[in-house]
Amino acid sequence: MKNVNAIFSEFSIINVKFLYKLAKKYVWITASIPVVVCALTAFLYLRQHDIYSAKIAFRNIGGMNDSPTNAISDLLGEKKERVGPGEFLTVVKSVDFLQKAAQKLVSDPNFENMTFSPVESTGIIRSSEMFSSCLDDQCKITKLRGMIPKLFNIDLDENIDTRFIITVKTLDSYTTNKVINAIKEALIEHRLTTIKVSLTNQKEVTAKLIEERKESLTSLGIMEKFQEISQINALLDGLEGKFKVYQDALESKKIEYSQAEISLRLTNKALKKDVDPKLKQKWKVYQSLRAKRDILLTDIAALEQVAGDKSSQGSQIVKELKQQITTVNKEIATLEKARDIVNFEGFRETKGRDKDYVEFQGKVLEDQIVKLEARVEGLIDERKILVTKVKNLEQEIEKHKPSIEYLKLLEQKLLQVQLIEGTIVSDVNFDNFLLSSAQYKRHSLGRTIAFAIVVSLFLIVTGLLLRYLFDERIIDREDFQNNFRDIEVLGDVPEL
2 MKNVNAIFSE
12 FSIINVKFLY
22 KLAKKYVWIT
32 ASIPVVVCAL
42 TAFLYLRQHD
52 IYSAKIAFRN
62 IGGMNDSPTN
72 AISDLLGEKK
82 ERVGPGEFLT
92 VVKSVDFLQK
102 AAQKLVSDPN
112 FENMTFSPVE
122 STGIIRSSEM
132 FSSCLDDQCK
142 ITKLRGMIPK
152 LFNIDLDENI
162 DTRFIITVKT
172 LDSYTTNKVI
182 NAIKEALIEH
192 RLTTIKVSLT
202 NQKEVTAKLI
212 EERKESLTSL
222 GIMEKFQEIS
232 QINALLDGLE
242 GKFKVYQDAL
252 ESKKIEYSQA
262 EISLRLTNKA
272 LKKDVDPKLK
282 QKWKVYQSLR
292 AKRDILLTDI
302 AALEQVAGDK
312 SSQGSQIVKE
322 LKQQITTVNK
332 EIATLEKARD
342 IVNFEGFRET
352 KGRDKDYVEF
362 QGKVLEDQIV
372 KLEARVEGLI
382 DERKILVTKV
392 KNLEQEIEKH
402 KPSIEYLKLL
412 EQKLLQVQLI
422 EGTIVSDVNF
432 DNFLLSSAQY
442 KRHSLGRTIA
452 FAIVVSLFLI
462 VTGLLLRYLF
472 DERIIDREDF
482 QNNFRDIEVL
492 GDVPEL
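Numbers in our numbering are just positions in the sequence shown, counted from 1, shifted up by 1.
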């Protein structure tokens, strides 16, 4: 075997000049290796299938103050546990999530035309062939559930700690879009189900504690006392309504009785008051003068309407009658103030007729007032009795106040959980559009060429050195000197 010192150089690791000599001597190695490597690389490159990648981003709004669920929880005083990033990064390991995603993909009408082959595989196998051994959808879902984790990954955004990016890679663009939609819908449902399960567990535990506490209070008779208080309060409400009705009626009757007393007093006063005889005499004169005036007016009208009566004697009579009317009117005007007596006399006559009715009505009102007052007093006594019962029951209940307050807190907690459960929303919010989508090969053309060049150079150098080490022939003076350092070179033999 030749000395390997010729291969190395003091200035560079490999003696490039000597290596160049070897390349020219063993040209078949130098030429064949690049051809083989390029052919093999081209075969591997062309054998690759296009990879279709898509990315979509979502945010974890469960830890944000403006989350609808958190807003309602804070409003009710319910402190909801915040979900950390690890919950979403490890979702790929959740069987429930993968089951939901697989169900959505299997239920797609074009499921048979999808491909779920790994991106590093060299052949595309359609679902119709891949799942041909399955007789039902459940078998397909179970089998697909184990394949989905290889098709996507979830990464935390480098800039926003509540933002995540889902990347899906498959060998078919349609499958990529379907997988990313299935993951999106499944993740929303998975988080919604997870939150609901947590709230359901809280509700069940709270309801159980309430039932146990109620049983304990029932055994002590506290719940019966509460029911009794509720019944008494209902009676008190009805009693208050009756009391108000009777009280209003009593006040109304008292007002009517007061008005009747005033009316009777004024009537008696008016009846006792006497009228001046002179005013009565003047009133009689006033009445006769008015009657006389009416007669004169009638006579004048009759004389004036007599047909054909144009004599001076008739005119004279009419004139005299008119003069008499003028005189009577003057006398009536003088006695006009006597009309006050007429009004007073008429009032006294009316009041005299109504006096008996007013007295009777007053007695009726007085009897009604007595009865109403008795009824009101009875209602007051009943109310006092019921209020006393309530106070006594409350004093008995007060001894167990801590247990009762605990029960109230549990009931309030149950109500809060039920309200939150009815208004729950998912804590993930996906973008409406894909973050990016791309089509590429696993190994790009540029990287493939660079790889081929590096491998070719390495194999060429390795092949040349191995061939040189096992070649017993001497190449030139330098090769001779490297292998036979103790022999002096006298000269070179020229080529013939």
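Idealized CB from N, CA, C, for every residue including glycine.
Check	Outcome
Would you be able to state if there are at least three C-beta pairs under 8 angstroms between the segment 385-395 and the segment 165-176?	no
Under 8 angstroms between the Cβ atoms of L237 and R376?	no
Beta-carbon within less than 7 angstroms of K442's beta-carbon, same chain only, minus the 5 sequence neighbours each way: which residues are those?	Q49, D51, I52
Skipping 5 residues on each side, what residues in its chain have a beta carbon closer than 6 angstroms to that of R214?	L408
Using beta-carbon positions only, say whether K170 and S54 come within less than 8 angstroms of one another.	yes
For Y287, which of helix, strand or coil comes out of DSSP?	helix
Going along the chain, which residues of its own chain have a beta-carbon closer than 6 angstroms to the beta-carbon of I196, five neighbours each way excluded?	I425
How close, in whole Å, do the beta carbons of D428 and N61 come, if the pair is a contact with beta carbons under 8 angstroms?	6 angstroms
What does DSSP give as the partner residues of N430 in its beta bridges?	R60
With DSSP as the reference, label V1 as helix, strand or coil.	No answer is possible for residue 1: it lies beyond the span of the chain, which begins at 2 and ends at 497.
To the nearest whole angstrom, what separates the beta carbons of A103 and L145, a pair I think is in contact under 8 angstroms?	4 angstroms
Measure the C-alpha to C-alpha separation of L265 and E360 and round it to an integer number of angstroms.	7 angstroms
Rank L193, W29, V38 by C-alpha distance to the C-alpha of A1 and give the top, closest one.	Residue 1 lies beyond the range of the chain shown here (2 to 497); nothing can be said about it.
Could you please give the first and the last residue of the uninterrupted alpha helix (DSSP H) stretch that includes Y175?	174-220
Report the residue from R291, V365, E321 whose alpha carbon sits nearest the alpha carbon of T335.	R291
Using a Cβ-Cβ distance under 8 angstroms, would F44 count as near chain B?	The displayed structure is made up of one protein chain only, and chain B is not part of it.
Can you give me the Cβ contacts of K141 inside the same chain, cut-off strictly under 7 angstroms, excluding the 5 residues immediately before and after it?	V107, F132, C135
Determine the direct distance from the alpha carbon of D249 to that of I263, and round the result to whole angstroms.	21 angstroms
Compare the Cα-Cα distances from F153 to each of K94, E130, L411, G363 and report the closest residue.	K94
Bridge partners of L157, per DSSP?	F165
R164: which of L47, G87, S259 sits nearest, CA to CA?	G87
Looking only at C-alpha atoms, which of Q288, E212, E241 sits nearest to I405?	E212
Give the DSSP-derived three-state secondary structure of I52 in the structure shown.	strand
With DSSP as the reference, please indicate the residues paired to R127 in a beta bridge.	T116
So what does DSSP say about T424, is it helix, strand or coil?	coil
Tell me the DSSP secondary structure of K94 in three-state form.	helix
Return yes when the Cβ of L366 is within less than 8 angstroms of the Cβ of K254, no when it is not.	yes
Do L436 and A58 count as a contact pair if the criterion is CB distance below 8 angstroms?	yes
Would a C-beta distance cut-off of 8 angstroms place N240 and L387 closer than the cut-off?	It should be pointed out that residue 240 corresponds to Leu in this sequence rather than to Asn. A contact, by the Cβ cut-off of 8 angstroms.
With DSSP as the reference, label S316 as helix, strand or coil.	helix
Which one of T31, L23, A208 has the shortest CA to CA distance from L416?	A208
Taking K442 as part of the beta strand (DSSP E), name the residues at either end of that continuous run.	437-442
For K400, name the three-state secondary structure that DSSP assigns.	coil
Mind checking whether V92 and I155 have CB atoms under 8 angstroms apart?	yes
Pull up the DSSP beta-bridge partners for T327, would you.	DSSP lists no partner for T327.
Can you list, in chain order, the residues of its chain whose CB lies under 8 angstroms from that of R127, leaving out five sequence neighbours each side?	E113, N114, M115, T116
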